[in-house]
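First up is the structure itself, then whatever we jot down about it.
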Amino acid sequence: MATASRFGASPSRSGYNSKVRLLIASLLGVIVILVGTIVYVINQMAAPKPETAPEVAATPVEDSGPLKNMVKIVVAAQRIEEGQKITPDMLGVREEDFSRMPSGAWRDINMQHLIGKYATAMIAANMPILKEQLADAPPSQDLEIPAGYRAVTITVDARTGVEGWAKPNSRVDVNWTFVDSDKKTKVHTIVRFVKILSVGGATNSPGQKAAVGSNQPTTVTLLVTEEDARKIELARNLGSLSLALVGNTETPSGFNSDAPSTIDDILGKKAESGITEDDIDGVVYLPDPDTGKQIKMILVNGKWVRDKSY
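Numbered continuously in my numbering, the sequence shown closes out at residue 1046.
Shown next, in the form of structure tokens:
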């Protein structure tokens, strides 16, 4: 019996011990896995993170527009006179820094709104067009003469009136052809860059050219200063007047010499008969002792003589 009991109990205890060992081994495996996972997570958290593009891109960047705040504004492609109707060929576009854009300047995206408006003042070529410089209706047809200015009228024909190209709102020079005290014919520009108010009494020309016929003379009224009005009237009685048309892009600062032109200039000679440029050894400018005006002296063959053409 004792032997049977000993041998009968041994298998049961052996199976129990095996289960215990298996359970312990499983728990140890789970613990090892948990410990490894914890160590891996800790290492990942402790490792330095590299800078990534998304973090840099996440910083807000202010949109400054193309070319650092550059905007396109509308400018005059040519000189626009007061009262002229705006047409597409008169307009151009220029880039300008937004911070320097003139107040009231038109942007290029609104250019179509300028077409058909009227200039309320002269706009120089390449200058920005401002909103206050345009109006929806044409200015009054009455002549508006500023203080200190006068309207004077001269007679022209197809030649002296630039074949009709000198029309209302054009700019012209007034040339005077005369015979001086030395009996020499000269041409002198007595007034520059003046505005034509009317041609033949019309202040607006419906066609391309003003009504200056080839055979019949007509009148041209100019807006000039009070002093220039006197010059024109005196010159008209002492010689003949003609007009020279000024280009649409020229400004009042683009003037040439005021020296009169003579026959000697055409022939390439100086005032002294027979004297050419090669004969002149020196030039000096002095005040005239009688009039105080500047005179020109030239050195010819060791002698100083006055250049009477100056």
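Don't be surprised by glycine CBs; every beta carbon is placed ideally from N, CA and C.
Quick one: give me the first and last residue of the beta strand (DSSP E) that residue i is part of.
i       : result
ILE816  : Where ILE816 is concerned, there is no enclosing beta strand (DSSP E), given that its DSSP letter is neither H nor E.
LYS931  : 921-935
THR977  : In the sequence under discussion, the amino acid at residue 977 is Leu, which differs from the Thr named in the question. Looking at the DSSP string, the run of the beta strand (DSSP E) that includes LEU977 is 976-981.
LEU827  : 827-833
ILE890  : 885-892
LYS903  : Counting along the chain, LYS903 falls outside any beta strand (DSSP E), and DSSP gives it neither H nor E.
LYS821  : Premise fails: LYS821 is in no beta strand (DSSP E) and is neither H nor E.
ARG1042 : 1039-1042
LEU958  : 954-961
Do residue i and residue j have their C-beta atoms closer together than 9 Å?
i       : j       : result
ASN905  : VAL923  : no
LEU958  : THR891  : no
LEU870  : ALA855  : yes
ALA980  : THR921  : no
ALA894  : ASN862  : no
PRO988  : PHE914  : no
GLY840  : LEU866  : yes
LYS821  : LYS853  : yes
TYR1021 : GLU962  : no
LEU827  : ILE851  : yes
GLU832  : MET806  : yes
ILE1034 : ASP1024 : no
ARG815  : THR985  : yes
VAL927  : ILE968  : yes
Could you pull the DSSP bridge partners for residue i from this structure?
i       : result
ALA871  : TYR854
LYS1032 : TYR1021
ASN911  : THR925 and SER978
LYS808  : GLU831
ALA841  : LEU866
THR998  : LYS922
ILE1016 : VAL1036
ALA861  : Looking at the DSSP assignment, ALA861 forms no beta bridge with any residue, so it has no partner.
On a Cα-Cα basis, can you pick out the residue from the options that is closest to residue i?
i       : options                             : result
ASN1037 : ASP1017, ASP1024 and GLU817         : ASP1017
ARG830  : GLU817, ILE809, GLY765 and PRO996   : ILE809
PRO864  : LEU879, MET847, PRO874 and GLY852   : MET847
SER978  : ALA938, VAL908, ILE1031 and LYS967  : VAL908
GLY819  : GLN780, ALA873, VAL766 and GLN952   : ALA873
PRO824  : ARG1042, PRO838, ASP1024 and HIS849 : HIS849
VAL956  : GLY900, THR998, LYS919 and ASP964   : GLY900
GLY937  : ALA887, GLY1028, ALA761 and LEU763  : ALA887
ASP916  : GLY772, ALA971 and VAL766           : ALA971
THR998  : ASN973, LYS919 and ARG757           : LYS919
ASP1015 : VAL1041, LYS1029 and LEU758         : VAL1041
ALA883  : PRO875, PRO838, LEU759 and VAL960   : VAL960
Quick one: using the 10 Å Cβ neighbour count with 16 as the cut-off for buried, is residue i buried or exposed?
i       : result
SER754  : exposed
ALA794  : Residue confidence for ALA794 is low, a pLDDT of 40 falling below 50, so the modelled location carries little weight; the figure read from the coordinates is stated next. Burial call: exposed.
PRO996  : buried
TRP842  : buried
SER934  : buried
ASP1026 : exposed
ILE774  : exposed
THR896  : buried
VAL898  : buried
ASP964  : buried
SER1009 : Note that SER1009 has pLDDT 48, beneath the 50 cutoff, so the model's placement of it is unreliable and the number below is only indicative. So SER1009 ends up on the exposed side.
VAL1019 : exposed
ILE769  : exposed
ILE932  : buried
VAL982  : buried
VAL756  : exposed
VAL771  : exposed
VAL777  : exposed
VAL797  : Legend: pLDDT at VAL797 = 40, less than 50; position of this residue unreliable, no value from coordinates given.
ALA946  : With a pLDDT of only 48 at ALA946, under 50, the local geometry of the prediction cannot be trusted, and the value read off the model is given with reservation. ALA946 comes out buried.
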